[in-house]
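Participant: Sequence lines, in order, name chains A and B.
For any residue, its number in the working numbering is found by taking its place in the first sequence, counting from 1, and adding 55.
For any residue, its number in the working numbering is found by taking its place in the second sequence, counting from 1, and adding 3.
C-beta atoms are modelled at their ideal positions from N, C-alpha and C, and glycine is treated no differently.
Got a structure for you, written out below as structure tokens; questions coming shortly.
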Amino acid sequence: MIWNKTNECMQRDEMITLQSEKLCELIDRVYFNVPYYREKMQKDGLGPDDIKNVDDLKKLPFTTKDDLRDNYPFGLFALPTSEIIRLHASSGTTGKSTVVGYTRKDLATWSEVVARTLTCAGVERNDFIQIAYGYGLFTGGLGLHYGGEKIGAVVIPVSGGNTGRQLQIMQDFNTTVLACTPSYALYLAESIDEMNIDRNKIKLKTGVFGAEPWTENMRNEIEKKLGVKAIDIYGLSEIIGPGVASECIFQNGLHVNEDHFIPEIIDPVTLEPLSEGEEGELVFTTITKEGLPLVRYRTRDLTSLNYQECECGRTLVRMKKCTGRSDDMLIIRGVNIFPSTIESILLEISETTPHYLLIIDRINNMDVLQVLVEVDQQFFLDRIGQLESLKQKIRNSLESTLGIGVDVKLVEHKTIERSEGKAKRVIDKRKLT
Amino acid sequence: MLIKQLSVFLENKSGRLSEALSALGDENINIKALTIADTQEFGIVRMIVSDPEKGFSILRAKGFSVNLVDVISIATSSECGSFAVALKVLSDENISIEYIYAFSVADKAAIVLRTEDTDKALKAIQRNNMELLGGNEMSDL
């Protein structure tokens, strides 16, 4: 089934006309309503009249996560907050998260694109969707929630965590669709075995998994262990949240809802646009968003685009499963973490040196972050209690900022490798390729 | 009167203690007493050595996380019960001990300890006419 045949199965020329029209409207709105965009465009000698169709997109300046942070919290909103009815925020940044605001129409758009995502994944109104994404400032839970309600499915808002309860509900309510991160899906699968739950009591048929990178191997494992079709969904709060793109049942690339979010692929170094099929950084322009419209937002995700019509009948451009990132952002248990954030927290703790190492591993299908910290030689280190409380202090600071559990390990002076160039700060042992 | 103790932070990795001790031995630093406080991940080695300042420089130069710490050392006889008598003096004055270790040579014994209030401990020891050891006397043991 296709949720919105008109928009999901458009001819290419019709799509280009629609995108061009909405792009012009968007540029008018941001130029006149967002000082940041006006100044940036003026600096490049651009006015709203210079943008006539999607081909002109490449003339426009990029927007980055730093721009959002610099204008924290509401600086890039294109409408007064009286028009905003919901805020969400992304996780794990140096004290300042990126805040996104939705108007009533934005929330309607969001429900629409998530409804498409779910339909695309093969979910129908008779399904029971168990949403095990976190509810709250994170867009995962509520995004899936309203999309699920829109298609008329039975939405079970369990939110994240509490595995025992998840599995009980899964059996008692006959859950047919599971929405969570792929690593949590695997964790649930293993818990079913460990708790000796009768497989016949699990009625799952579809999984919509996203918010972190995962491989084909992981997909095979999840499908085998949970007995579901595992569908990759893609989204980021800056653009709207889940609903930006989704695989269909043919699992051959993610259909981008390009009538709302125009994708481009650029070379992350030269910033030049790349052509179809070439791998580079994914960039979005949100042509219909009102609260926080973004022009050429650099996602830092690496992928490529495919404009061929899909077997499912959709003509929406497909993006390949993301293969990596063009920056050093880590996604750990669905939370976005930059090593620089951890560094700035450690620098505030005087008893440690600025040398640290992050080790990320996937143990029992759960991402684990270990932070090795060097004890400063000058730090008085004669008592165990003192070191234990130092460790606790570091852990508390990290956990309260990052929002995930961290294992801190104190190591000897000079045991973390010094390098003359860019220091190696991260060892990612998760096998994601 | 206080003596200098070398305190070294070591990760629980095989060979680390041996490396630290070899570094001292190579420079003719004699270890009089040694104790280790350990946790799952790391340990603190505490040592009384013949030349603490030199030992400190050697270990620091080798990249060890090391510090010189002032500790109290009490001389007792190595008779049964003498350790307990010494500790009673401190407990009667409500002085908490952070860590303690002891060793004996022939008929003499030495107790090395660190308390949360060094001055108070020193006064209590002197008031009870117990003998404090200095660095040199310790080396002579």
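What residues from chain B crowd round lysine 464 (chain A), counting only those whose CB sits closer than 7 Å?
Facilitator: Near lysine 464 (chain A) (Cβ distances below 7 Å), the residues of chain B are Glu44.
Participant: Counting along the chain, where does the beta strand (DSSP E) carrying lysine 258 (chain A) start and finish?
Facilitator: Careful: lysine 258 (chain A) lies outside any beta strand (DSSP E) and carries neither H nor E.
Participant: Could you tell me the alpha carbon to alpha carbon distance between threonine 488 (chain A) and tyrosine 91 (chain A), rounded to whole angstroms?
Facilitator: Low local confidence applies: a pLDDT of 48 at threonine 488 (chain A) is under 50, so the model's placement there is unreliable, with the coordinate-based value given in what follows. Roughly 39 Å separates the two Cα atoms.
Participant: Quick one: which unbroken beta strand (DSSP E) runs of 3-plus residues sit fully inside the segment 245-309 of chain A? Chain order, please.
Facilitator: The segment 245-309 of chain A contains these whole beta strand (DSSP E) runs: 261-264, 284-291, 296-302.
Participant: Among A:Asp182, A:Gly379, A:Val390, which residue has its Cα nearest to the Cα of threonine 230 (chain A)?
Facilitator: For the residues A:Asp182, A:Gly379, A:Val390, the minimum Cα distance to threonine 230 (chain A) belongs to A:Asp182.
Participant: What does DSSP give as the partner residues of arginine 417 (chain A) in its beta bridges?
Facilitator: Its beta-bridge partners are A:Asp422.
Participant: Tell me the DSSP bridge mates of glycine 379 (chain A)?
Facilitator: Answer is A:Leu357, bridged to glycine 379 (chain A).
Participant: So, for isoleucine 103 (chain B): in the same chain, excluding its five sequence neighbours on each side, which residues have a beta-carbon less than 6 Å away from its beta-carbon?
Facilitator: Correct list, in chain order: Leu116.
Participant: Ignore the nearest five residues each way along the sequence and tell me which others in arginine 355 (chain A)'s own chain have a CB closer than 7 Å to its CB.
Facilitator: The residues are Glu336, Arg380, Ser381, Asp382, Met384.
Participant: How many Å lie between leucine 5 (chain B) and glycine 137 (chain B) at the Cα?
Facilitator: The straight-line gap from Cα to Cα measures roughly 6 Å.
Participant: Could you tell me how far apart the beta carbons of serine 452 (chain A) and isoleucine 400 (chain A) are, in whole angstroms, since I believe they sit closer than 8 Å?
Facilitator: Confirmed, Cβ separation roughly 5 Å.
Participant: When burial is assigned at 16 or more other CB atoms within 10 Å of the CB, is arginine 171 (chain A) buried or exposed?
Facilitator: Arginine 171 (chain A) is buried by the Cβ-count criterion.
Participant: Nearest to glycine 346 (chain A) by alpha carbon, out of A:Ala163, A:Ser214, A:Pro394, A:Tyr362?
Facilitator: Closest option to glycine 346 (chain A), Cα to Cα, is A:Ala163.
Participant: Assuming valine 168 (chain A) and isoleucine 295 (chain A) make a contact with CB atoms under 8 Å, what is their CB distance in whole Å?
Facilitator: Confirmed, Cβ separation roughly 7 Å.
Participant: When you compare each of A:Arg480, A:Val430, A:Ile449, A:Leu241 to asparagine 70 (chain B) by their alpha carbons, which one comes out closest?
Facilitator: Cα-wise, what sits closest to asparagine 70 (chain B) is A:Val430.
Participant: Does glutamine 447 (chain A) have its Cβ less than 9 Å from a Cβ in chain B?
Facilitator: Taking Cβ atoms only, chain B never reaches closer than 9 Å to glutamine 447 (chain A), which makes this a no.
Participant: Whole angstroms are fine: how far does the CA of threonine 396 (chain A) sit from the CA of threonine 148 (chain A)?
Facilitator: Residue placement at threonine 148 (chain A) is flagged as unreliable, the pLDDT there being 45, under the threshold of 50; the coordinate-derived value follows with that caveat. Computed Cα separation, rounded: 6 Å.
Participant: How should isoleucine 471 (chain A) be labelled, buried or exposed, when 16 other C-beta atoms within 10 angstroms of its C-beta is the threshold for buried?
Facilitator: Buried is the call here.
Participant: Tell me which same chain residues have a C-beta within less than 7 Å of the C-beta of cysteine 303 (chain A), skipping the five on either side of it?
Facilitator: Result list for cysteine 303 (chain A): Cys175, His310, Cys365, Cys367, Arg369, in chain order.
Participant: So, does the CB of serine 107 (chain B) fall closer than 9 Å to a CB anywhere in chain A?
Facilitator: No, serine 107 (chain B) does not count as interfacial toward chain A.
Participant: Just how far apart, CA to CA, sit serine 359 (chain A) and glutamine 43 (chain B)?
Facilitator: Their Cα atoms are separated by approximately 47 Å.
Participant: Quick one: list the residues of chain B neighbouring isoleucine 439 (chain A), beta-carbon separation under 7 Å, in chain order.
Facilitator: Neighbours of isoleucine 439 (chain A) on chain B, chain order: Ala40, Thr42, Ile47.
Participant: What are the boundary residues of the alpha helix (DSSP H) that methionine 70 (chain A) is part of?
Facilitator: Its alpha helix (DSSP H) spans residues 67-88.
Participant: Is it buried or exposed, asparagine 419 (chain A), if we count other Cβ atoms within 10 angstroms and call 16 or more buried?
Facilitator: Looking at its Cβ environment, which holds fewer than 16 other Cβ atoms inside 10 Å, asparagine 419 (chain A) is exposed.
Participant: Interface residues of chain A around leucine 13 (chain B) at Cβ under 8 Å?
Facilitator: Going along chain A in sequence order, the residues near leucine 13 (chain B) (Cβ under 8 Å) are Glu467.
Participant: If we define contact as Cβ-Cβ less than 9 Å, is serine 80 (chain B) a contact residue for chain A?
Facilitator: It does not: the Cβ of serine 80 (chain B) has no partner Cβ on chain A nearer than 9 Å.
Participant: So the beta strand (DSSP E) alanine 78 (chain B) belongs to, where does it begin and stop?
Facilitator: First-last of the beta strand (DSSP E) with alanine 78 (chain B): 68-80.
Participant: Taking its Cβ as the centre, do 16 or more other Cβ atoms sit within 10 Å of threonine 236 (chain A), making it buried, or is it exposed?
Facilitator: Its Cβ being crowded by 16 or more others within 10 Å, threonine 236 (chain A) is buried.
Participant: Please state the DSSP three-state secondary structure of aspartate 161 (chain A).
Facilitator: Aspartate 161 (chain A) falls in the helix class under three-state DSSP.
Participant: Below 8 Å on C-beta distance, what does glutamine 74 (chain A) contact in chain B?
Facilitator: Neighbours of glutamine 74 (chain A) on chain B: none; closest Cβ ~56 Å, over 8 Å.
Participant: Starting from the C-beta of aspartate 68 (chain A), find all residues in its chain whose C-beta is less than 6 Å away, skip the five residues before and the five after it, and write them out in chain order.
Facilitator: Once the five neighbours on either side are set aside, aspartate 68 (chain A) has no close Cβ partner at all.
Participant: Is valine 350 (chain A) closer than 9 Å to tyrosine 362 (chain A) when the C-beta atoms are compared?
Facilitator: Taking 9 Å as the Cβ cut-off, tyrosine 362 (chain A) and valine 350 (chain A) do not qualify as a contacting pair.
Participant: By a C-beta neighbour count over all protein chains shown, 10 Å radius and 16 as the cutoff for buried, is valine 108 (chain B) buried or exposed?
Facilitator: It counts as exposed.
Participant: Output yes if chain B places a C-beta closer than 9 Å to the C-beta of glutamate 443 (chain A); else output no.
Facilitator: For glutamate 443 (chain A), the answer is yes, since a Cβ of chain B falls inside 9 Å of its Cβ.
Participant: To the nearest angstrom, report how far apart lysine 479 (chain A) and tyrosine 411 (chain A) are at their CA atoms.
Facilitator: Between lysine 479 (chain A) and tyrosine 411 (chain A), the C-alpha separation is close to 9 Å.
Participant: Hey, is valine 430 (chain A)'s beta-carbon within less than 9 Å of any beta-carbon in chain B?
Facilitator: Yes, its Cβ sits closer than 9 Å to a Cβ of chain B.
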